[in-house]
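Chains as they are written, first to last, in my numbering: chain A, 10 to 204; chain B, 124 to 173. Glycine included, every Cβ here is placed at the ideal spot set by N, Cα and C. Structure, as structure tokens:
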Amino acid sequence: MNDAELAFAKRVVDRAWADLPPADRSLLEAIRAEERDATDRPLGVYTDELRRSAGYASFPAAERRRQDAAAGLWIPELRLVLINIAHPSFQDLDQHSLGWALARVAWHEWGHALAFHRATSEDVSRGRELLALAPPSMAENVRSADYRQREYTHEIVAEVYALLINRRRRGATGRPPWLSTEIYELVRRVVGWNQ
Amino acid sequence: MSLPPGYLLPEGKSMLDILRMDAELLSSEGIDPELTSFEEPPEGSEGDSG
């Protein structure tokens, strides 16, 4: 990973931040969650260093390995969104696709940052039910990635949020026809989506 | 509550597959999913000022 590629990724993540609705940016700033960065290091290793330097204990090795496999990560304790531009899933993309891919992961992680503390335990327990209501391609991706059932709700919300930002950037607002009313209302409630 | 696990992809899938999924959903509602240069602000964007 050379400096130019890393600089490109940082610019894209900043651009992706600017695409968030002003109210979402304001909320993230209010909770001091506007920090973002791109790195070329595995996120489990890198995050562990950042957390320990801030006085937090390390996660178990299994969890760090799982984070190493992630393309992006929201770190609540540090109020930080991190993207790993060296992640294999970003390889072999042309420049335009890479920009959108990096932004998509950043939007997904900001979806977590906005929703994480507002999703109730009941919302979390409905993960499998919500997965059945999600667009089939999205449901299949969440189901077949290394997520646990108790994470399904958070992942659906973050995926939908990323797509809503993408639509908004293209001038579309409101509930997409491919999204169930139930999931849309959940996103409105836990993310505060009102576009 | 545990930490979100980060953005994980199914084994064997890349972000290109995810972008294709997005494009199919957008196309299904008549939105042009073309991937223009991401760094250029979208037309009519509120940009950083909002």
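Tell me the DSSP secondary structure of residue i in three-state form.
i	result
Thr159 (chain B)	coil
Glu44 (chain A)	strand
Trp83 (chain A)	strand
Gly129 (chain B)	coil
His117 (chain A)	helix
Gly53 (chain A)	helix
Lys136 (chain B)	coil
Arg157 (chain A)	coil
Asp223 (chain A)	Not covered by the structure: residue 223 (chain A). The range shown for chain A is 10 to 204.
Asn203 (chain A)	coil
His126 (chain A)	coil
Asp103 (chain A)	coil
Trp109 (chain A)	helix
Using C-beta distances below 6 Å, list every residue in its chain close to residue i, excluding the 5 sequence neighbours before and after it, in chain order.
i	result
Met147 (chain A)	Glu168
Arg88 (chain A)	Arg41, Ala42, Glu44
Pro81 (chain A)	Note that residue 81 (chain A) is Gly in the sequence shown here, rather than Pro. So the list reads Ile92, Val114, Glu118, once near-sequence residues are dropped.
Gln204 (chain A)	Pro30, Arg177, Thr182
Determine the extent of the beta strand (DSSP E) in which residue i is found, giving its start and end residues.
i	result
Ile92 (chain A)	89-93
Mark residue i as exposed unless 16 or more other C-beta atoms lie within 10 angstroms of its C-beta, in which case mark it buried.
i	result
His163 (chain A)	buried
Met144 (chain B)	buried
Thr129 (chain A)	exposed
Ala143 (chain A)	buried
His126 (chain A)	exposed
Glu147 (chain B)	exposed
Gly183 (chain A)	exposed
Asp103 (chain A)	exposed
Asp28 (chain A)	buried
Ser150 (chain B)	exposed
Gly136 (chain A)	buried
Ala70 (chain A)	exposed
Gly180 (chain A)	exposed
What span of residues does the alpha helix (DSSP H) with residue i cover, start to end?
i	result
Thr190 (chain A)	190-200
Asp77 (chain A)	70-77
Thr162 (chain A)	161-178
Asp28 (chain A)	Here Asp28 (chain A) belongs to no alpha helix (DSSP H), and DSSP marks it neither H nor E.
Arg137 (chain A)	136-142
Who are the Cβ neighbours of residue i in its own chain at under 8 Å, not counting the five residues just before and after it?
i	result
Val207 (chain A)	No answer is possible for residue 207 (chain A): it lies beyond the span of chain A, which begins at 10 and ends at 204.
Val22 (chain A)	Arg45, Asp46, Ala47, Val90, Ile92, Leu111, Ala112, Ala115
Val151 (chain A)	Leu140, Ala143, Tyr161, Glu164, Ile165, Glu168
Asp12 (chain A)	none
Can residue i be considered in contact with the ligand HEM, in the sense that its beta carbon sits closer than 6 Å to one or more heavy atoms?
i	result
Ser62 (chain A)	This structure does not include the ligand HEM; it has no bound ligands of any sort.
Closer than 7 Å by C-beta to residue i: which residues in its own chain qualify, once you throw out the five before and the five after it? Chain order, please.
i	result
Ser62 (chain A)	none
Ser172 (chain B)	Confidence is the limiting factor: at Ser172 (chain B) the pLDDT is only 40, short of 50, which leaves the residue's position unreliable, though a coordinate-based value still follows. Cβ within range, chain order: n/a, list empty.
Select from the stretch 136-159 of chain A all residues with a C-beta closer than 8 Å to any C-beta belonging to chain B, and list them in chain order. Pro144, Ser146, Met147, Glu149, Asn150, Ser153, Ala154, Asp155, Tyr156, Arg157, Arg159
What are the residues in the stretch 36-57 of chain A lying within 7 Å of chain B by C-beta distance? Listed by position along the chain: Leu52.
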